[in-house]
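J.: Each residue of the sequence shown is one higher than the one before, counting from 21 in my numbering. Below you'll find the structure I mean.
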Amino acid sequence: MATLKDTKSHDMGLHEESLKGRTQQRFFSVDESSNLTYFNSFEVDTDKTATIDALEMTPREINIAIRELMESGVGSITVENPMSRHGVGVGILNRLNLTFTDSLGYFGCGLIDGPNVHIKGRVGWSCAENMMAGTVLIEMNAGSTFGAAIRGGDLVCRGSVGARTGIDQKGGTIIVGGNTGAFSGFMMQRGRMIVCGDAGRNLGDSMYDGVIYVGGEVEELGIDCVPGEMNELDVRYLSSKLDLYGIKTPNGAEKMHKYVSGKMLWNYDKLEPHEKKVAL
21 MATLKDTKSH DMGLHEESLK GRTQQRFFSV DESSNLTYFN SFEVDTDKTA TIDALEMTPR
81 EINIAIRELM ESGVGSITVE NPMSRHGVGV GILNRLNLTF TDSLGYFGCG LIDGPNVHIK
141 GRVGWSCAEN MMAGTVLIEM NAGSTFGAAI RGGDLVCRGS VGARTGIDQK GGTIIVGGNT
201 GAFSGFMMQR GRMIVCGDAG RNLGDSMYDG VIYVGGEVEE LGIDCVPGEM NELDVRYLSS
261 KLDLYGIKTP NGAEKMHKYV SGKMLWNYDK LEPHEKKVAL
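Encoded structure:
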């Protein structure tokens, strides 16, 4: 059994956890560098630019065009007239500057690891699902399940988002400039969520770990989501993170509310039947 060491992140709401079984630690050698890259990743130059007019293209054709440009070394791509098509900008596994001049539909920019994406419109359901690294910035609003199962990077929406934001979040940062809907942070496991406006019902329901910050009102907290105590590290983190994207909170970072896991469900399977009823 091993115990995680105390760090500043623990002061911000991330807790110690006992680990059992074999260690997950791995040691890498520089001689294995070829094994640490994706098969479908490419070397690109951000100074090389290209534009795709997607007006008459299908989602598959758009994705193929993006991939072909990356393969040729183009590192800055602009897609014009995406016309709210679904499943566009997915599966990009390397660094890339990608701009969409209008809105995307469902499942936009999912399964990405590394690109910096700028969407100058709205997005539908499940934007940036399973995002691993990079940034995605949406100028307007987003649909439900925004950032589902995100594992890393920054996912930012300047407007408001729908229900179930960050469901099963496993890392990274989700920033919402406006409001978020019901069940945001449901089964959250790691990472941070910053909501500058209001949050709907069942915020952080069944969250295991991580931190949720809310600048406005919370309609109702979910099971095992409890208020946390803001400290200087939280304020410094929020101020720097929001300044990075030019987003302001209504009352300032120091007035935001912090929510963390109450840890009542950490050992849920070990509870007696009558204890489970209390937890629920």
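Just so you know, even glycine gets a beta-carbon here, dropped at the ideal spot from N, CA and C. Quantities reported herein were computed from a predicted structural model and do not represent experimental measurements.
What runs of the beta strand (DSSP E), each 3 residues or longer, lie entirely inside the stretch 89 to 161?
T.: Taking only runs of at least 3 residues, the beta strand (DSSP E) segments lying wholly in the stretch 89 to 161 are 94 to 100, 117 to 120, 133 to 139, 153 to 158.
J.: With distances taken from CA atoms, which of Phe206, Phe127, Met213 is nearest Val196?
T.: As a position in the sequence shown, residue 196 is number 176, starting the count at 1. If we check each option's Cα against that of Val196, Met213 comes out closest.
J.: Is Lys278 helix, strand or coil by DSSP?
T.: Residue mapping note: residue 278 aligns to position 258 of the sequence shown, counting from 1. Lys278 falls in the strand class under three-state DSSP.
J.: Under 8 Å: do the stretch 239 to 251 and the stretch 223 to 231 share three or more Cβ pairs, one atom per stretch?
T.: yes
J.: Could you check the C-alpha separation between Gly167 and Glu149 for me, to the nearest Å?
T.: Taking the sequence shown and counting its residues from 1, one reaches residue 167 at position 147. Taking the sequence shown and counting its residues from 1, one reaches residue 149 at position 129. If I take the Cα positions, the gap works out to 5 Å.
J.: Among Tyr265, Ser92, Ile82, Val176, which residue has its Cα nearest to the Cα of Asn101?
T.: Locating residue 101 in the sequence shown gives position 81, where the first residue counts as 1. Ranking the options by Cα distance to Asn101, first place goes to Ile82.
J.: For Ala22, count neighbouring C-beta atoms within 10 Å of its own C-beta (all shown protein chains included) and say buried if the count is 16 or more, exposed if not.
T.: Position 2 of the sequence shown, counted from the start, is the residue given in the question as residue 22. Here Ala22 scores only 47 on pLDDT, less than 50, and its place in the model is too uncertain to base an answer on.
J.: So the beta strand (DSSP E) Asp67 belongs to, where does it begin and stop?
T.: Against the sequence shown, residue 67 aligns to sequence position 47. Its beta strand (DSSP E) spans residues 65 to 73.
J.: Return the residue from the list Ser96, Gly211, Glu159, Glu63 that minimises the CA-CA distance to Tyr265.
T.: The residue labelled residue 265 in the question sits at position 245 within the sequence shown. If we check each option's Cα against that of Tyr265, Glu159 comes out closest.
J.: Checking 8 Å against the spacing of the C-beta atoms, do Val99 and Pro79 come in under that value?
T.: In the sequence shown, residue 99 corresponds to position 79, counting from 1. In the sequence shown, residue 79 corresponds to position 59, counting from 1. Their beta carbons are not under 8 Å apart, which means Val99 does not touch Pro79 by this criterion.
J.: Note down the Cα distance separating Leu89 from Ser104, rounded to an integer number of angstroms.
T.: Here residue 89 is taken as the residue at index 69 of the sequence shown, counted from 1. Here residue 104 is taken as the residue at index 84 of the sequence shown, counted from 1. Approximately 21 Å between the Cα atoms of the pair.
J.: Would DSSP call Val231 helix, strand or coil?
T.: Numbered from its first residue, the sequence shown carries residue 231 at position 211. Three-state result, Val231: strand.
J.: Leaving out the 5 sequence neighbours to the left and right, which residues in its chain are closer than 8 Å to Leu262 when beta-carbon positions are compared?
T.: Indexing the sequence shown from 1 puts residue 262 at position 242. Result list for Leu262: Ile195, Ile214, Cys216, Lys268, Thr269, Ala273, in chain order.
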